[in-house]
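Student:
In the working numbering, the protein residues as written are 42 to 141.
#1: Please list the terminal residues of the continuous alpha helix (DSSP H) segment that includes residue 77.
#2: Under the three-state reduction of DSSP, which class applies to residue 101: helix, strand or coil?
#3: So which of 93, 89, 109 has the shortest CA-CA distance to residue 100?
#4: Residue 46 and residue 109: beta carbons closer than 9 Å?
#5: Assign residue 117 to one of three DSSP states: helix, strand, or coil.
#6: In angstroms with no decimal places, state the Cα-to-Cα distance between residue 56 and residue 78.
#7: Got a sec? Which residues, its chain only, sit under 7 Å from residue 105 by beta carbon, not counting five neighbours each side?
#8: If we count the other Cβ atoms within 10 Å of its Cβ and call it buried at 16 or more, is residue 52 buried or exposed?
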């Protein structure tokens with residue numbers, strides 16, 4: 042049905058990370074699923090070396106895109122609104138102003 046499922050079927054012993062595949066190899070509605078978005082945020086946190094939630098304020102949207110976050114970012118107005126969606130308890134507007 043899709044490339045990721047094919048890989049998992051042909052190579053069941055290998056753990057496939059969908060975020061390391063080319064975006065056009067993912068199922069069509071992949072980024073619409075909340076679970077996939079949350080998994081990407083965890084993946085991004087690991088790839089970017091983020092230890093605490095507020096460290097997201099040190100990351101630029103271009104850094105986020107560089108590790109594969111473009112499709113997730115496109116579902117939000119901007120990087121701050123994406124962060125507000127996943128970490129609503131943090132005042133991101135304030136944190137981003139402190140960063141400048």
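Even for Gly, the Cβ is constructed at its ideal location relative to N, Cα and C.
Tutor: Taking the geometry as given:
#1: Per DSSP, residue 77 belongs to the alpha helix (DSSP H) from 75-88.
#2: Looking at residue 101 - three-state DSSP - the assignment turns out to be coil, as it is neither helix nor strand.
#3: Ranking the options by Cα distance to residue 100, first place goes to 89.
#4: Contact: no.
#5: In this structure, residue 117 counts as coil in the three-state DSSP scheme.
#6: Going from the Cα of residue 56 to the Cα of residue 78 covers about 19 Å.
#7: Counting only Cβ-Cβ distances below 7 Å, and skipping sequence neighbours, we find 85, 114, 120.
#8: Exposed, by the Cβ-count rule.
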